[in-house]
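**Q** Protein chains in written order, with the numbering used here: chain A, 1 to 355; chain B, 1 to 355. To start, I am sharing the structure in question, which I have written as structure tokens.
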């Protein structure tokens, strides 16, 4: 086991631990399939991929498409290493979100109709959108926390089109979207006009400071930051700059798919020590993404499961809710030099020597 | 509104914000009752109590037992201040826990039988135990995360008797309980003996260092720390000292009932900056406590709802899961001078001038 863990670290450069890799294997055992294991492995995609490759090289598993099947040697090795399948008990009613959409089913239907011709995801801006159920669930989570009814909402990046779901709910006073992709800005403004919603989108690169008119103007923000510590801090700090003051709320997702536990701690340190906000909620696997068409072209493809289109919605993230406090740090500086999209834990990062 | 917020702060000494108090009132509006509002108010008990007292003094609400009912003036004041009821949408199937007990119903029955003569809670050690469903849900959460099957589990303080539920599940290799209350130590050891469980309890004051034999010996710990930043860091750090190394997991609950958002940030800073662990999960209202017999004797009683026995299980907490990393700080120093039970956000803290 120690040898396998060392190899995974050497090949990926991502911090891993023995219990962490044991959990990855336990998730593969309980799900029996590469993509379905991702939400429970709680490790970066490249760690899962490399672990599976290492298991395969040692003759412990074989593949049928994306299925990962144990050999007899594999079975013995697991017993020796005291690794057992996870016992998955996610609530079927809410998919683990902890909230139900019962009171919002009309909103869900209206939202689905409104976004039927949405712009497709493109790789340029690290896009990929959550299911429509997830978007409505985000509205529900805000409604349960008193963060949307009668409130002013700021959305930083919105390929999920949450602004439209929020507008259609009739709850917020006003929704402003700042978004870099012109196609999405236009789509939101057009849909808002057609439906008479209090929603306006503007084109904005979030590396630039927030325009003055949006400083201190909102009760709640929502964003989905790219997953480098610098980008996360930058996006959250733009959100905070938009808020009216202490006691306001921010929502955003963070994945295990592209961020190790060590990187998560860096994120959390920036939140609670640098920005001085409090994390009030973290809902595991709350955000469920639709699969996107460019996936297999952009990831490593050295084992069969990675050449097989996923049949499940495997890309998920934990929804964080934060609150601002008296001591929260407010700033609005330009950050034009920050590399915001890719580090070596990113999905699209390939091992040295490939390509 | 500003005036009311200032009064709540003056009377309680607990940091509050305008949006925070608005959320407290929104929870009262959606639940219509003092105790039922607690799990959704996300504020300390004394903040909720003082807010209700201030609303009552201004003629905005009146009481029928623990019911808090809006007057006409109150209704107008809310409209003026843009405060609306929370839209509570907690999943009914899992009570918001995100996991289901379906595969563990036999365990739940066995656990209930085993603990039927458990020692009653006493005030001396800040006791109060969670429902048996909650205890089993903790086992399920560990099982889903690969933290219990075949593992060695350390329980620091166990009036919940989780050690017995864990033992009865047949999943862990070994369970050790360190507990200050001799009654509980004896009860656990007796039940473990009768049922042939791999569970042993020892009497231990956690302000003392862990005995050498328990250092670096466990895969997972669980505790329910008293809610001062010092006590939380102390208990978690004892748990960490018991773990085998990086990648191990710890579980514990933190309430809003006795800890403001500002105190939560202090907790989180100690976790991610001092101890250098990562928070992987935070499940809101996961832990649901049974009501206990000494409640009304120990809290403020200046408004009618506080003289009325709660009919709902109102005391809840967020379940945190943390993981250790390469960089996690391990220590096992004595901490005999630390005041571990009470600060001014505690349930039993009474306003100056009372009593």
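Glycine is no exception: its CB is placed at the ideal position from the N, C-alpha and C atoms. Predicted model only: the values in this text are computed from it and were never measured.
Can you confirm whether residue 150/A, when its beta carbon is compared against all beta carbons of chain B, has any partner nearer than 8 Å?
**A** Locating residue 150/A in the first chain gives position 150, where the first residue counts as 1. Judged by the 8 Å Cβ criterion, residue 150/A is in contact with chain B.
**Q** What is the DSSP secondary structure of residue 90/A, reduced to helix, strand or coil?
**A** Position 90 of the first chain holds residue 90/A. If DSSP states are grouped into helix, strand and coil, residue 90/A belongs with the strands.
**Q** According to a CB-to-CB cut-off of less than 9 Å, which residues of the stretch 77-100 of chain A neighbour chain B?
**A** Here the close residues are 82, 83, 84, 85, 86, 87, 88, 89, 90, 91, 92, 93, 94, 95, 96, 97, 98, 99, 100.
**Q** Pull up the DSSP beta-bridge partners for residue 147/A, would you.
**A** Taking the first chain and counting its residues from 1, one reaches residue 147/A at position 147. Residue 147/A pairs with nothing; no bridge assigned.
**Q** Mapping DSSP to helix, strand and coil, what is residue 138/A?
**A** Numbered from its first residue, the first chain carries residue 138/A at position 138. In this structure, residue 138/A counts as helix in the three-state DSSP scheme.
**Q** For residue 210/A, report the span of its beta strand (DSSP E) as first-last.
**A** The residue you call residue 210/A lines up with position 210 of the first chain. Segment: none, residue 210/A is in no beta strand (DSSP E) and carries neither H nor E.
**Q** Is there a Cβ of chain A sitting closer than 8 Å to that of residue 314/B, yes or no?
**A** Counting from one through the second chain, the residue named residue 314/B turns up at place 314. Closer than 8 Å: no.
**Q** Which same chain residues end up closer than 7 Å to residue 143/A when comparing Cβ atoms and leaving out the 5 residues on each side of it in sequence?
**A** The residue given as residue 143/A occupies position 143 in the first chain. So the qualifying residues of the chain are 149, 171.
**Q** First and last residue of the beta strand (DSSP E) that includes residue 38/A?
**A** Within the first chain, residue 38/A is the residue found at index 38, counting from 1. Counting along the chain, residue 38/A falls outside any beta strand (DSSP E), though it belongs to the alpha helix (DSSP H) covering 34-41.
**Q** For residue 249/B, which residues does DSSP report across the bridge?
**A** Here residue 249/B is taken as the residue at index 249 of the second chain, counted from 1. Per DSSP, 220/B, 323/B.
**Q** Helix, strand or coil, according to DSSP, for residue 284/A in the structure here?
**A** Taking the first residue of the first chain as 1, we reach residue 284/A at position 284. Correct three-state label for residue 284/A: strand.
**Q** Using the C-alpha atoms, what's the distance from residue 291/B back to residue 309/B?
**A** Within the second chain, residue 309/B is the residue found at index 309, counting from 1. Within the second chain, residue 291/B is the residue found at index 291, counting from 1. Spanning the two alpha carbons is a distance of roughly 9 Å.
**Q** When burial is assigned at 16 or more other CB atoms within 10 Å of the CB, is residue 4/B buried or exposed?
**A** Counting from one through the second chain, the residue named residue 4/B turns up at place 4. With 16 or more other Cβ atoms within 10 Å, it is buried.
**Q** Starting from residue 202/A, follow the beta strand (DSSP E) in both directions and report where the run begins and ends.
**A** By one-based count along the first chain, residue 202/A stands at place 202. 199-203 is the extent of the beta strand (DSSP E) around residue 202/A.
**Q** So, do the stretch 330-347 of chain B and the stretch 49-60 of chain B have three or more beta carbon pairs nearer to each other than 8 Å?
**A** With the cut-off at 8 Å, the stretch 330-347 of chain B and the stretch 49-60 of chain B do not touch.
**Q** What does residue 144/A reach in chain B if we use C-beta pairs closer than 7 Å?
**A** The residue you call residue 144/A lines up with position 144 of the first chain. Under the 7 Å cutoff, chain B gives 86, 87, 88, 89.
**Q** Among residues of its own chain, excluding the 5 on either side of residue 346/B, which ones have a beta-carbon nearer than 6 Å to its beta-carbon?
**A** The sequence position of residue 346/B within the second chain is 346, counting from 1. Counting only Cβ-Cβ distances below 6 Å, and skipping sequence neighbours, we find 258.
**Q** So, is the C-beta of residue 288/B closer than 8 Å to a C-beta in chain A?
**A** Here residue 288/B refers to the residue found at position 288 when the second chain is read from its first residue. Judged by the 8 Å Cβ criterion, residue 288/B is not in contact with chain A.
**Q** Specify the secondary structure class of residue 116/A as computed by DSSP and reduced to three states.
**A** As a first step, residue 116/A must be located in the first chain, where it is residue number 116. Residue 116/A falls in the coil class under three-state DSSP.
**Q** Would a C-beta distance cut-off of 8 Å place residue 89/A and residue 140/B closer than the cut-off?
**A** Translated into positions along the first chain, residue 89/A becomes position 89. Translated into positions along the second chain, residue 140/B becomes position 140. Yes, they are a contact pair.
**Q** Cβ of residue 273/B less than 8 Å from any chain A Cβ?
**A** To locate residue 273/B, count along the second chain from 1; it is residue 273. Chain A, which has a Cβ nearer than 8 Å to the Cβ of residue 273/B, makes this yes.
**Q** Taking the alpha-carbon positions, what's the residue 331/B to residue 71/A distance?
**A** Here residue 331/B refers to the residue found at position 331 when the second chain is read from its first residue. Here residue 71/A refers to the residue found at position 71 when the first chain is read from its first residue. So the alpha carbons of these two residues sit roughly 42 Å apart.
**Q** Strictly below 7 Å CB to CB, what residues from chain B border residue 38/A?
**A** What you label residue 38/A is simply residue 38 of the first chain in a count that begins at 1. Residues of chain B passing the Cβ test: none, with the nearest at roughly 15 Å.
**Q** Tell me the DSSP secondary structure of residue 174/A in three-state form.
**A** Position 174 of the first chain holds residue 174/A. Here residue 174/A sits in strand by DSSP.
**Q** Could you work out which residue in 255/A, 270/A, 244/A, 333/A is closest to residue 316/A when comparing CA atoms only?
**A** The residue given as residue 316/A occupies position 316 in the first chain. Residue 316/A has its Cα closest to that of 255/A, out of 255/A, 270/A, 244/A, 333/A.
**Q** Would you kindly work out how many angstroms separate the C-alpha atoms of residue 189/B and residue 251/A, rounded to a whole number?
**A** Working through the second chain from its first residue, we reach residue 189/B at position 189. Working through the first chain from its first residue, we reach residue 251/A at position 251. The alpha-carbon atoms of residue 189/B and residue 251/A are separated by roughly 45 Å.
**Q** Residues of chain A with a CB under 7 Å from the CB of residue 281/B: which are they?
**A** Counted from its first residue, the second chain places residue 281/B at position 281. Within 7 Å Cβ-Cβ: 282, 284.
**Q** Counting only Cβ pairs nearer than 7 Å, list the residues of chain A close to residue 140/B.
**A** On the second chain, position 140 is the one that residue 140/B refers to. Simply 89.
**Q** Grab me the residues of residue 36/A's own chain with a C-beta within less than 7 Å of its C-beta, minus the 5 sequence neighbours each way, in chain order.
**A** Residue numbering aside, residue 36/A sits at position 36 when the first chain is read from its first letter. Within the same chain, residue 36/A has close Cβ partners 312, 314.
**Q** Check the Cβ of residue 18/B against every Cβ in chain A and list those closer than 7 Å, keeping chain order.
**A** One-based indexing of the second chain puts residue 18/B at position 18. Chain A residues near residue 18/B: 247.
**Q** In its own chain, which residues sit with a C-beta less than 8 Å from the C-beta of residue 318/A, not counting the 5 before and 5 after it?
**A** Taking the first chain and counting its residues from 1, the one referred to as residue 318/A is at position 318. So the list reads 253, 254, 255, 256, 282, 283, 284, 285, 286, 287, once near-sequence residues are dropped.
**Q** Per DSSP, what kind of secondary structure is residue 352/A in: helix, strand or coil?
**A** In the first chain, counting from the first residue as 1, residue 352/A sits at position 352. For residue 352/A, the predicted structure reports a pLDDT of 49, less than 50, and the residue's modelled location is therefore unreliable. The matter cannot be settled from this model.
**Q** If you draw a straight line from the alpha carbon of residue 100/A to that of residue 80/A, how long is it in whole angstroms?
**A** For the purposes of this step, residue 100/A is identified with residue 100 of the first chain, where counting begins at 1. For the purposes of this step, residue 80/A is identified with residue 80 of the first chain, where counting begins at 1. In a straight line, the C-alpha of residue 100/A is about 42 Å away from that of residue 80/A.
**Q** For residue 67/A, write down the residues that DSSP places opposite it in a beta bridge.
**A** Here residue 67/A corresponds to residue number 67 of the first chain, with the count starting at 1. For residue 67/A, which the question treats as bridged, DSSP gives the partners 33/A, 64/A.
**Q** By DSSP's criteria, residue 316/A is part of a beta bridge. Which residues make up the other side?
**A** Counted from its first residue, the first chain places residue 316/A at position 316. Answer is 288/A, bridged to residue 316/A.
**Q** Given this structure, state the Cα-to-Cα distance separating residue 167/A from residue 219/A, to the nearest angstrom.
**A** Counting from one through the first chain, the residue named residue 167/A turns up at place 167. Counting from one through the first chain, the residue named residue 219/A turns up at place 219. One C-alpha to the other measures close to 15 Å.
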